[in-house]
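Protein chains in written order, with full-length UniProt numbering: chain A, 1 to 136; chain B, 1 to 186. We treat Cβ as the ideally placed atom computed from N, Cα and C, and that holds for glycine. Bear in mind that the values here come from a model prediction, so they are computed numbers and not experimental data. Right, one structure below, let's go through it.
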Amino acid sequence: MKYLKYLVLGTLFGIILTKSEVISWFRIQEMFRFQAFHMYGVIGSAVVVGLISIQLIKRNHLKTLGGKPIVIADKKFSHGVWIGGLLFGLGWAITGACPGPLFAQLGSGVPAAAVMILAALAGTWTYSALREKLPN
Amino acid sequence: MLELLQQPWPWYVAGPLIGLTVPALLLVGNKALGISSSLRHICAACVPAGIPFLQYNWRAESWNLMFVLGIALGGFIGYRLMGHPDVVGISAETVRDLKAQLHLTDFSGLLPRELFALDNLANWKGWFFLVLGGFLVGFGTRYAGGCTSGHAISGLSNLQWVSLVAVIGFFAGGLLMTWLIYPLLF
């Protein structure tokens, strides 16, 4: 049951995504059409709180609850970051969901989410298979 | 209080709580918030097919699969048990534009039924919205090395310029679809 804590955190995360309606296709369309502040407020304030939290962790050399050091790996650049980013963006505007919301939609009982998750798995699998042939 | 929890949560409540997930995962077990990786782990567990990118010890990443399972559970609790309005309260301008451009009439639920009903798999709409859309989400996030949680929330919180490039890509793709491709399709 060492994974129970992640199940609990995931559940809380899913509740927040659902209650703030960021798992709604309508909200994502509203965002890409610049017609409400809601999504920008959610993402923006999440980044600000995350940034302050990480700074506090780093400056105070905080350790995990188990006493292990906290190390955050740097993200590496490749051309995939912008090419893949662009492709995901197209998909985000179509499905109205990034991967987290897809799972929350599934739980909320949207049948389409099951199909979209299967398609997303097919996408990830195809990328994995073609990886060496793609510009990186 | 109970009624307040049942209402949709405003951005200034939800955003900071999402932000706090970043330190929570770090403090609990030195884990970086990221969700699209779970798709890779599922592929590695179920259909590795000898692909080098899928040959790794996915079991060591089980926490990520548990987190994702939790998100689905959270979707059930947040939507089914805590209640929800019939219609997502998007702006009047968005309703007007979606009616005019995408010919939507039914605004109930989280997603428009006219585009996302499973019956649509009998025509191009279902294949475009469900299959192509989902495929691009899975392909693009892995190619980019992260999604909205891994790059936009985790990455930007840790001042990663690479994540800023990714987020600009996400938005460019989304704007291209909304403003150029949707008008061509409908």
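Asked                                                                                                                                                                               : Found
When you compare each of B:Leu184, B:Ser149, B:Phe171 and B:Ala166 to lysine 31 of chain B by their alpha carbons, which one comes out closest?                                     : B:Ser149
Quick one: what does DSSP say serine 91 of chain B is sitting in, helix, strand or coil?                                                                                            : coil
Starting from glutamate 114 of chain B and walking both ways along the alpha helix (DSSP H), at which residues does that stretch end?                                               : 113-116
Would you mind working out which of B:Trp179, B:Gly138, B:Ile35 and B:Pro8 sits nearest alanine 72 of chain B, comparing C-alpha positions?                                         : B:Ile35
Chain B beta carbons: is any one of them nearer than 8 Å to that of glycine 67 of chain A?                                                                                          : no
Using the beta-carbon of each residue, which ones in chain B are nearer than 8 Å to arginine 59 of chain A?                                                                         : Per Cβ cutoff of 8 Å: no residues; arginine 59 of chain A is ~13 Å from chain B at best.
Please check the pair threonine 95 of chain A and leucine 27 of chain B, which I expect to be a contact at CB under 8 Å, by giving their CB distance rounded to whole angstroms.    : Their Cβ separation, rounded to whole angstroms, is 32 Å, which puts threonine 95 of chain A and leucine 27 of chain B out of contact at 8 Å.
Less than 8 Å between the CB atoms is what I'm expecting for proline 8 of chain B and glycine 89 of chain B, so what's the real figure, rounded?                                    : 7 Å
Need the endpoints of the alpha helix (DSSP H) that tryptophan 125 of chain A sits in, please.                                                                                      : 111-130
Classify cysteine 46 of chain B: buried if its beta carbon has 16 or more other beta carbons within 10 angstroms, exposed otherwise.                                                : exposed
Just by C-beta distance, which residues in the region 111-126 of chain A are closer than 8 Å to chain B?                                                                            : Pro111, Ala112, Val115, Met116, Ile117, Leu118, Ala119, Ala120, Leu121, Ala122, Gly123, Thr124, Trp125 and Thr126
Buried or exposed: which applies to threonine 124 of chain A, given that a residue is buried once 16 or more other Cβ atoms fall within 10 Å of its Cβ?                             : buried
Measure the Cβ-Cβ separation of valine 22 of chain B and glycine 14 of chain A and say whether it is below 8 Å.                                                                     : no
Since lysine 133 of chain A meets chain B, which of its residues come closer than 8 Å, beta carbon to beta carbon?                                                                  : By Cβ distance, chain B contributes nothing, its closest Cβ being about 12 Å from lysine 133 of chain A, past 8 Å.
Within 10 angstroms of its Cβ, does valine 167 of chain B collect 16 or more other Cβ (buried), or is it exposed?                                                                   : buried
Of all Cβ atoms in chain A, is any one closer than 8 Å to the Cβ of tyrosine 56 of chain B?                                                                                         : no
What residue range does the alpha helix (DSSP H) around tyrosine 79 of chain B cover?                                                                                               : Premise fails: tyrosine 79 of chain B is in no alpha helix (DSSP H) and is neither H nor E.
Taking only runs of the beta strand (DSSP E) that begin and end inside the region 111-185 of chain B, which ones reach a length of at least 3 residues, in chain order?             : none
Indicate whether the contact test is met: 3 or more Cβ pairs, each with one atom in the region 21-28 of chain A and one in the region 89-104 of chain A, closer than 8 Å.           : yes
State the beta-bridge partners of glycine 85 of chain A as determined by DSSP.                                                                                                      : According to DSSP, glycine 85 of chain A bridges with nothing at all.
Out of curiosity, what's the CA-to-CA distance linking valine 162 of chain B and glycine 19 of chain B?                                                                             : 19 Å
Between which two residues does the alpha helix (DSSP H) holding histidine 41 of chain B run?                                                                                       : 37-46
Of all Cβ atoms in chain A, is any one closer than 8 Å to the Cβ of serine 108 of chain B?                                                                                          : no
Compute the beta-carbon to beta-carbon distance between glycine 145 of chain B and lysine 19 of chain A, rounded to the nearest angstrom, for a pair I have assumed lies under 8 Å. : Not a contact, Cβ separation roughly 29 Å.
Determine whether the beta carbon atoms of glycine 10 of chain A and phenylalanine 67 of chain B lie at a separation below 8 Å.                                                     : yes
Would you call the region 172-182 of chain B in contact with the region 75-93 of chain A, where contact means no fewer than 3 C-beta pairs closer than 8 Å?                         : yes
What residue range is occupied by the uninterrupted alpha helix (DSSP H) comprising arginine 59 of chain A?                                                                         : 38-59
Using the rule of at least 16 other Cβ atoms within 10 Å of the residue's Cβ for burial, across every protein chain shown, is alanine 92 of chain B buried or exposed?              : exposed
Apart from the five residues just before and just after glutamine 6 of chain B, which ones in its own chain have a Cβ nearer than 6 Å to its Cβ?                                    : Met82 and Gly83
Mind checking whether threonine 12 of chain B and glycine 41 of chain A have CB atoms under 8 Å apart?                                                                              : The sequence given here places tyrosine at residue 12 of chain B; threonine does not occur at that position. Contact: yes.
Please classify proline 101 of chain A: is it buried, with 16 or more other beta-carbons within 10 angstroms of its beta-carbon, or exposed?                                        : buried
Going along chain A in order, which residues have a C-beta closer than 9 Å to the C-beta of alanine 122 of chain B?                                                                 : Those do not exist, as alanine 122 of chain B stays about 13 Å from chain A at its closest Cβ, beyond 9 Å.
What's the C-alpha gap between phenylalanine 135 of chain B and alanine 120 of chain A?                                                                                             : 4 Å
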